[in-house]
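Asker: Count along the sequence shown from 1, then add 317; that gives the number in my numbering.
Quick one: this structure, given as structure tokens, is what I'll be asking you about.
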Amino acid sequence: MATIIQRPNGKWQVKVRRTGFPSLSKTFNTKTDATRWARKIEAEMDRGSYLPSQEAERLSLGDCLQRYLREVTPRKKGAAQELMKARVILRHPIAELSMARIRGSDIARYRDDRLAEGKAASTVIKELALLSHLFNISRREWGMEGLVNPVQLVSKPKVNNQRDRRLLPHEEERLLAACSLPFRNANPWLRPMVILALETAMRKGELLDLRWQDIDFAKRQLRCRNKDPKGEVSYRFVPLSSRAIATLRELPRSVDGKVFQTTDNAIKLAFTRACKRACKHVHEHEPGKRKKCSCSGIEGLRFHDLRHEATSRFVESGLFTDIQVASITGHKTLQMLKRYSHMRPSDLADLLDKAAMRRQPQNRD
């Protein structure tokens, strides 16, 4: 039976006591709100659908996210990246709200704040995914069964980050030459990683995860660990060209078995520097006697564009079916593969000319 009383400060306190259930108490500004809440709780108890939410009321989003970082994040492959996302959320005012009081409007405000800061839609979507998983874990495993996931009520920002950046003539030569230039803090792993990316279409993270035990020189293939959001381990086998094999054989072996003894951030920084240094005549400069050049280097190129370039080359060669290309690159659908395969207009024009020649009737003697 619910009891509603008015407190000295003018607010209304409601208490719900029912055999077999914990005693509940909550304060409202109006008697109408207090009565509505009491009826809702009693109806849930009558239906057998009531679930306690004290934990969700007591703990803030920041409290739960800290626990998530201790118990859930370490089991994930991308733990370091997730930690960075979590730190961003913890600095936002939403982290101070209790789990039970967070509504879709709060999530929408967080989304809009991040977009207003100039963050990419894909970045914001990943942060929302972390929040959504946090609410689901809290419901399923941390005793907050009555909690609603407000992230599911909010629309996600539209992502439009498809890229079709291809290497222009001589850019590969200039890039590799720049990777070999001796300068302070040079990264010796960049050049072989660039070559492997162009020969195999592997992602930067996949190359960094590569171990010597994954490489079979006799069969000319390597075993690549596929990324899986659920943490399930799967593999694909990537064929190795003669150039790829030669590049791998030149690398020193390490005790821990990793092929590339560097980090994601180190390669990202080294790649940016190499693109800036890749002037037109950089390969002609003698070590220690590099001349200044007015060329701005290679503009608008990212390491991931090398995967796009390699995939497009596979398609343009005409030697592989789309299914064979997908088995090499790891694209799960042909639609995903289509995004990476942009043939140059000049290449398409050459194919049209060849098709026209085949249609021409042959002269008979």
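Even for Gly, the Cβ is constructed at its ideal location relative to N, Cα and C.
So the alpha helix (DSSP H) I562 belongs to, where does it begin and stop?
Answerer: Looking at the DSSP string, the run of the alpha helix (DSSP H) that includes I562 is S559 to R566.
Asker: Expressed to the nearest angstrom, what Euclidean distance is found between the alpha-carbon atoms of A672 and G635?
Answerer: The alpha-carbon atoms of A672 and G635 are separated by roughly 14 Å.
Asker: Would you kindly report the start and end of the unbroken beta strand (DSSP E) that includes T320?
Answerer: Start and end: A319 to Q323.
Asker: Output the distance between the C-alpha atoms of H487 and A627, rounded to the nearest integer angstrom.
Answerer: Taking the straight line from one Cα to the other gives about 15 Å.
Asker: Please tell me whether K473 and E444 are closer than 7 Å, where the distance is taken between their beta carbons.
Answerer: No, these two residues do not count as a Cβ contact at 7 Å.
Asker: I need the straight-line Cα distance from K523 to R456, nearest angstrom please.
Answerer: Checking the sequence, you will find Glu at residue 523 rather than Lys. About 34 Å.
Asker: Along the chain, where does the alpha helix (DSSP H) that runs through P474 open and close?
Answerer: No alpha helix (DSSP H) holds P474; DSSP gives it neither H nor E.
Asker: Which of the three DSSP states is assigned to R420 in this structure?
Answerer: Coil at R420, not helix or strand.
Asker: Ends of the alpha helix (DSSP H) at V511?
Answerer: Taken as a continuous stretch (DSSP letters only), the alpha helix (DSSP H) holding V511 covers L507 to T517.
Asker: In whole angstroms, what is the alpha-carbon distance linking L654 and K475?
Answerer: Looking at the two C-alpha atoms, the distance is approximately 20 Å.
Asker: In its own chain, which residues sit with a C-beta less than 6 Å from the C-beta of A595, not counting the 5 before and 5 after it?
Answerer: If we look at A595 and ignore the five residues flanking it on each side, its Cβ neighbours are R491, L492, A495, G614 and I615.
Asker: Is the Cβ-Cβ distance between F620 and K521 less than 7 Å?
Answerer: In this structure, K521 lies closer than 7 Å to F620 by Cβ.
Asker: Counting Cβ pairs closer than 8 Å, one from the segment 501 to 519 and one from the segment 568 to 588, do we hit at least three?
Answerer: Counting Cβ pairs under 8 Å, three or more are found: they touch.
Asker: Nearest to N466 by alpha carbon, out of S558, L451 and S342?
Answerer: Taking only the C-alpha atoms, the option nearest N466 is L451.
Asker: Going along the chain, which residues of its own chain have a beta-carbon closer than 7 Å to the beta-carbon of L284, five neighbours each way excluded?
Answerer: Since the first residue shown for the chain is 318 and the last is 682, residue 284 is missing from the structure and cannot be characterised.
Asker: On the DSSP letters alone, give me the boundaries of the beta strand (DSSP E) that S342 sits inside.
Answerer: S342 -> beta strand (DSSP E) spans L341 to F345.
Asker: Use the C-beta contact count for Y427: other C-beta atoms within 10 angstroms, 16 or more gives buried, fewer gives exposed.
Answerer: Y427 comes out buried.
Asker: What residues in its chain sit with their C-beta under 6 Å from that of A396, if we drop five residues either side in the sequence?
Answerer: Hits under 6 Å: T390.
Asker: Pick out whichever of D622, L539, G327 and T580 has its Cα sitting closest to the Cα of P505.
Answerer: With distances taken between Cα atoms, P505 lies closest to T580.
Asker: Let's see if you can read the secondary structure: which residues bound the alpha helix (DSSP H) around K521?
Answerer: Looking at the DSSP string, the run of the alpha helix (DSSP H) that includes K521 is K521 to D526.
Asker: Would you grab the beta carbon distance between L464 and A417 for me? Rounded to a whole angstrom, and I think it's under 8 Å.
Answerer: Contact flag correct, Cβ pair sits at about 7 Å.
Asker: Would you kindly work out how many angstroms separate the C-alpha atoms of R324 and L407, rounded to a whole number?
Answerer: R324 and L407: Cα-Cα distance of roughly 36 Å.
Asker: R353 lies in the beta strand (DSSP E); which residues open and close that run?
Answerer: Note, R353: premise wrong, no beta strand (DSSP E); alpha helix (DSSP H) at K348 to R364.
Asker: Check whether the Cβ atoms of L539 and D526 lie closer than 7 Å to each other.
Answerer: No, the pair does not count as a contact, with Cβ atoms beyond the cut-off.
Asker: Determine the closest residue to R542 out of F554, R560, D430 and K536, with distance taken between C-alpha atoms.
Answerer: Measuring from the Cα of R542, the nearest candidate turns out to be F554.
Asker: Under the assumption that L618 contacts R482 (Cβ atoms under 8 Å), give the Cβ distance between them as a whole number of angstroms.
Answerer: With a Cβ gap of about 6 Å, L618 and R482 count as contacting.
Asker: Can you give me the C-alpha to C-alpha distance between D380 and I454, rounded to a whole angstrom?
Answerer: Cα to Cα, the separation comes out at about 13 Å.
Asker: Report all residues from its chain with a CB closer than 6 Å to the CB of T320; omit the five preceding and five following residues, and keep chain order.
Answerer: If we look at T320 and ignore the five residues flanking it on each side, its Cβ neighbours are K332.
Asker: Per DSSP, which one or two residues make a beta bridge with I532?
Answerer: Answer is L539, bridged to I532.
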